[in-house]
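Have a look at the structure below, then the notes.
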Amino acid sequence: MKLLFATLLMVFGPAAFGAWNLDPTRSQISFVSIKAQSVAEVHRFTEVSGRISADGIATLTIQLASVDTLIPIRDQRMRETLFRTDLFPTATVLTSLDLKALDSLAPGSTLEIATEVVLNFQDRELPFTAELLVSRLSARRVVAATLKPIIVNAANLGLTDGIEALREVAGLPSISSAVPVSVVLTFNRAP
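Residue 144 in numbering that gives the first Met the number 0 sits at position 145 of the sequence shown, and the numbers go up by one each step.
Okay, here's the thing in structure tokens:
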């Protein structure tokens, strides 16, 4: 009986599902800033890495210095004034996923999931729910994308002073503290 139980654990336990690695060339994290009450601009982070472990723990690491707004001086100001990348070079996102559901998804199929996520940014943790559409592209590749943007309030991350400093240096009447964030993440099954 013990041998049967051990065999079932090996076949159906979390390790049987294997790990997944983020493909950064096919992944994107973007966010929208709104200045002067009605001017919206899309920005992104160009360096992200991540992994889904064999036990379903998903970790995403964002290199904050890779912020790309298409305006170099604004990128520099965001790195130095807002994100303070000299002290806090990365932000991480953690969640837990059901790998059994992921592995049972047939290529060409999709699955909508809601997952509890924790954003670790500077010295703060921000929990939120992300609604994702997971698409199985092949036996070895899946894509997860937000079904709707995640609204991150800068005040919850302690960024109010940084946004105010950016507003002053740019001579703007306002910069919104509510920031919509969208993600498209492609994962490949680890060999």
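No residue lacks a Cβ here, since even glycine has one placed at the ideal position from N, Cα and C.
Since we're looking at a predicted model, the values are computed, not measured.
- Taking every protein chain shown into account, the CB of I70 has fewer than 16 other CB atoms within 10 angstroms, so this residue is exposed.
- Using a 10 angstroms sphere on the CB of A57, the tally of other CB atoms reaches 16 or more, which defines it as buried.
- Judged by pairs of C-beta atoms under 8 Å, the segment 110 to 120 does not touch the segment 65 to 80, as fewer than three such pairs exist.
- Counting along the chain, the unbroken alpha helix (DSSP H) around Q75 starts and ends at 71 to 76.
- Residue pairing by DSSP places E40 opposite S32 in a beta bridge.
- Secondary structure note for T145: its beta strand (DSSP E) is the uninterrupted segment 140 to 145.
- Contiguous beta strand (DSSP E) elements confined to the segment 142 to 176 occur at 149 to 152, taking only those with 3 or more residues.
- Here the C-alpha atom of I51 lies approximately 42 Å from the C-alpha atom of P172.
- Considered as a whole, the segment 111 to 138 harbours 123 to 137 as its complete beta strand (DSSP E) runs of no fewer than 3 residues, in chain order.
- Taking the CA atoms as reference points, V183 sits about 5 Å from S26.
- Counting along the chain, S95 sits inside no alpha helix (DSSP H); it lies in the beta strand (DSSP E) bounded by residues 89 to 95.
- Taking D102 as reference, the option from R73, T91, V133 with the minimal CA-CA separation is V133.
- A100: member of the alpha helix (DSSP H) spanning 98 to 103, first to last residue.
- Per DSSP, T58 is one residue of the beta strand (DSSP E) stretching across 56 to 62.
- The Cβ atoms of R140 and A105 lie no closer than 8 Å to each other.
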